[in-house]
Amino acid sequence: MVEWTECERATIKDIFAKLDYDSVGPAALSRCLIVYPWTQRYFSKFGNLYNAAAIMGNPNVAKHGKIILHDLERGVKNMDNLKETYADLSVLHSETLHVDPDNFKLISDCLTIVVASRMGKAFTGEVQAAFQKFLAAVVSALGRQYH
Amino acid sequence: MGPARQAAMLSKKEKELIADIWESLTPVAEDIGADALLRMFASYPGTKTYFSHLDISPRSAHLLSHGKKIVLAIAEGAQDIGQLTVTLAPLQTLHAYQLRIDPTNFKLFSHCMLVALACHMGEDFTPVAHAAMDKYLSAFAAVLSEKYR
Chain A
0 MVEWTECERA
10 TIKDIFAKLD
20 YDSVGPAALS
30 RCLIVYPWTQ
40 RYFSKFGNLY
50 NAAAIMGNPN
60 VAKHGKIILH
70 DLERGVKNMD
80 NLKETYADLS
90 VLHSETLHVD
100 PDNFKLISDC
110 LTIVVASRMG
120 KAFTGEVQAA
130 FQKFLAAVVS
140 ALGRQYH
Chain B
0 MGPARQAAML
10 SKKEKELIAD
20 IWESLTPVAE
30 DIGADALLRM
40 FASYPGTKTY
50 FSHLDISPRS
60 AHLLSHGKKI
70 VLAIAEGAQD
80 IGQLTVTLAP
90 LQTLHAYQLR
100 IDPTNFKLFS
110 HCMLVALACH
120 MGEDFTPVAH
130 AAMDKYLSAF
140 AAVLSEKYR
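Residue numbers (numbering that gives the first Met the number 0), protein chains in the order written: chain A, 0 to 146; chain B, 0 to 148.
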């Protein structure tokens, strides 16, 4: 199980408290689909993903981005129990969606960059490290039920 | 994939975008470079092992000068991406025979550089700029490790 310092907990909760989920979620997912276009393979039913503008304007992408961020919030509320929190989602991604778990890291990196661009200087090296530690723990939990 | 091919993956527009961004960052090279390095040390403590001979505390002279060196090399490469192998030849030799930094670390540094750019440029670090920059930094790292073996 992951050990969190008080400082890390506070930092992570603080970041999420200040995030505009409905903007950041869509921004992170669309960025992932643009920067790593092969990830589009999982979204063939989403409609027009033809270019960056289409992706950023796609309502299905936006909707899914919001869902992802709200699901991350569950992790923030259950930082000491991530494996159980994400067990069902892990099974879903493995057995139904057939998503290569390497992709979780790609969207994590895009989310980090979106948050960095919103927070600017406040996203210090220490804040980044705590945020990335949290995302890595979620990514690990999401990969747990793959077999 | 060879580095020359990686560089060729960049469109003309992307190359121009990358060149413009790095040109605009040259005046703040030491700040961006030091910021990226500090982020890397904070998130990936193993990377500090390559700097045991320097003072890498925030705002130290070593950190600023080293950050500046790295950014200026990246910026120079960006001015003519097609010629990366030529531009970086001396640095290739340095990294292969003297520094011998494990190339996995280049990915870690590149990621932290992207984060530093995002913090600095805010909304201007668009998804298209991010994609182009990620491709460029990957090509740069590949060229740097070309002489390793």
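Ideal Cβ positions, reconstructed from N, Cα and C, are used throughout, including at glycine.
Inclusion of B:G76 and B:F139 in the CB contact set at 8 Å is warranted, their separation being smaller than that value. Within the stretch 101-115 of chain A, the residues whose Cβ lies closer than 7 Å to some Cβ of chain B are D108, T111, I112, A115, listed in chain order. Our two residues, B:G66 and A:K65, have alpha carbons roughly 37 Å apart in a direct line. With a threshold of 16 other beta carbon atoms within 10 Å, B:M120 meets it and is buried.
Looking at B:L9, B:L36, B:H129, the one whose alpha-carbon comes closest to that of B:S64 is B:L36. Excluding its 5 nearest sequence neighbours in each direction, A:R143 has C-beta neighbours in its own chain below 8 Å: K82, Y85, A86, S89, listed in chain order. Straight-line measurement puts the Cα of B:A74 at about 5 Å from the Cα of B:W21. The C-beta of A:R8 comes no closer than 8 Å to any C-beta of chain B.
Among the CB atoms of chain A, none fall inside 8 Å of the CB of B:D79. CA-to-CA, the gap between B:E122 and A:I112 works out to about 11 Å. With respect to chain A, the C-beta atom of B:V27 has no partner C-beta closer than 8 Å. Residues of chain A whose Cβ lies closer than 7 Å to the Cβ of B:A117 are, in chain order, I112, A115, S116. Among the CB atoms of chain B, none fall inside 8 Å of the CB of A:A86. Every unbroken stretch of the alpha helix (DSSP H) spanning 4 or more residues and falling wholly within the stretch 78-133 of chain A is given here in chain order: 81-84, 86-90, 101-118.
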